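First up is the structure itself, then whatever we jot down about it.
Numbering (mature numbering (1 follows the signal peptide of the UniProt record, and there is no 0)), first residue to last: -19 to -1, 1 to 283.
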């Protein structure tokens, strides 16, 4: 839970169809999938209509509702007198996560049915983008269209889970976790450990998670005192993502994930000092000095 509220390797493939004309609104896109594209935007105004063009078809599972989509992308603001690059995952040094079904309308439509390895171009008008309010972080105004070029790397369904070698659970002082794609956790009726406890209960075979990598995960969190579930990514309908070791999660969660191999399932018991401390988290039912228990499936790291 946040403080506030198998990696697919894709080849670099030239996209020959997008280097010439014939694209929506006079746009040109050049370059290979997997590297930052060169986008040429004309000085004229966009049409004001949603335009979507698949520049390269991918392979594998189609993007469907409830997926978390991993993609590299560039985004341009465009109006009749101006166009500017306003966002780029290439500049950030890691791909972005797109929770399909919860994006602006035009971007949802652009990703619908795409597959890993594909590249898609979308010209999103304001009424299917950020609307009259614009989007200040990208300096997008009320009348601006957005041009996206997205290279889809991977998709993660809600049913994704740890894949690896099960490890013994023989410590009676630790919660017991059921096996399978949707684990449950039984907390013992004893006092919780007084320190952070981390156990790998499924050993994955992927690379270890590094601090400041973007991690795709499923997790289940319960309050030791009551057994109440206060965090359930599967219950929300899709995997989640976070930059590990960057303070976006409570300290104990971060410490449990960094260093784990992709594919692993991790059980962690987090004392208050490594969780929400004396303040607790009222909205979640976490009281002062509550101990927490999590089961975390590490699905990918980028």
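Glycine included, C-beta positions come from ideal geometry on N, C-alpha and C. Predicted model only: the values in this text are computed from it and were never measured.
- Task: Count the other CB atoms, across all protein chains shown, that sit within 10 Å of the CB of residue 203; report buried if there are 16 or more and exposed otherwise.
- Result: Residue 203 is classed as buried because its beta carbon has at least 16 other beta carbons within 10 Å across all chains shown.
- Task: Can you tell me which of the three DSSP states residue 18 falls into?
- Result: Coil, per DSSP.
- Query: Should the region 77 to 87 be regarded as contacting the region 5 to 15, the criterion being three or more beta carbon pairs within less than 8 Å?
  - Reply: Counting Cβ pairs under 8 Å, fewer than three are found: no touch.
- Message: Once DSSP output is grouped into helix, strand and coil, what is the label at residue 267?
- Response: For residue 267, the three-state secondary structure derived from DSSP is strand.
- Query: Starting from residue 102 and walking both ways along the beta strand (DSSP E), at which residues does that stretch end?
  - Reply: Start and end: 100 to 105.
- Task: Can you give me the Cβ contacts of residue 68 inside the same chain, cut-off strictly under 6 Å, excluding the 5 residues immediately before and after it?
- Result: Excluding residues within five positions, the ones whose Cβ falls inside 6 Å are 56, 119.
- Assign residue 199 to one of two classes, buried (16 or more other C-beta atoms within 10 Å of its C-beta) or exposed (fewer than that). When all chains shown are included, residue 199 counts as buried.
- Query: Do you know how far the Cα of residue 147 is from the Cα of residue 20?
  - Reply: Whole-angstrom Cα-Cα distance: 47 Å.
- Have a look at the DSSP bridge pairing and note the partners of residue 126. DSSP output for residue 126 lists 59 as bridge partner(s).
- Three-way DSSP call (helix, strand, coil) for residue 137 in this model: Secondary structure of residue 137 (DSSP, three-state): strand.
- Alpha carbon to alpha carbon, how far is residue 279 from residue 158? Give it in angstroms, no decimals. When the Cα atoms are used, residue 158 and residue 279 turn out to be separated by approximately 16 Å.
- Query: Residues bridged to residue 178 by DSSP?
  - Reply: For residue 178, which the question treats as bridged, DSSP gives the partners 250.
- Task: Give me the Cβ distance between residue 247 and residue 238, rounded to the nearest whole Å; I'm assuming they're in contact under 8 Å.
- Result: Indeed, because the Cβ distance is near 7 Å, the residues count as touching under 8 Å.
- Item | the region 37 to 46 touching the region 132 to 145, judged by at least three CB pairs closer than 8 Å | Touching, yes, given that three or more Cβ pairs across the two stretches are closer than 8 Å.
- Hey, quick one: how far does the beta strand (DSSP E) through residue 284 stretch, first residue to last? No answer is possible for residue 284: it lies beyond the span of the chain, which begins at -19 and ends at 283.
- Report the rounded CA-to-CA distance for residue 231 versus residue 25, giving the unit in angstroms. Looking at the two C-alpha atoms, the distance is approximately 49 Å.
- Item | Cβ pair count under 8 Å reaching 3, the region 151 to 169 against the region 103 to 122 | No, the region 151 to 169 is not in contact with the region 103 to 122.
- Task: Taking only the alpha-carbon atoms, compute the straight-line gap between residue 275 and residue 201 and give it to the nearest angstrom.
- Result: Going by the C-alpha atoms only, they are around 5 Å apart.
- Query: By the 10 Å Cβ neighbour count, where 16 or more other Cβ atoms means buried, how is residue 58 classified, buried or exposed?
  - Reply: Result: buried.
- Indicate the three-state DSSP secondary structure (helix, strand or coil) for residue 274 in the structure shown. DSSP places residue 274 in strand when its eight states are reduced to three.
- Can you give me the start and stop residues for the beta strand (DSSP E) that residue 201 sits inside? DSSP places residue 201 inside the beta strand (DSSP E), whose first and last residues are 195 to 204.
- How far does the alpha helix (DSSP H) with residue 32 in it reach, from first residue to last? Per DSSP, residue 32 lies in no alpha helix (DSSP H); the unbroken beta strand (DSSP E) holding it starts and ends at 32 to 37.
- Helix, strand or coil for residue 217 per DSSP? Reduced to three states, the DSSP call for residue 217 is helix.
- Message: Alpha carbons only, please: which of 236, 184, 117 is nearest the one belonging to residue 177?
- Response: Nearest of 236, 184, 117 to residue 177, Cα basis: 236.
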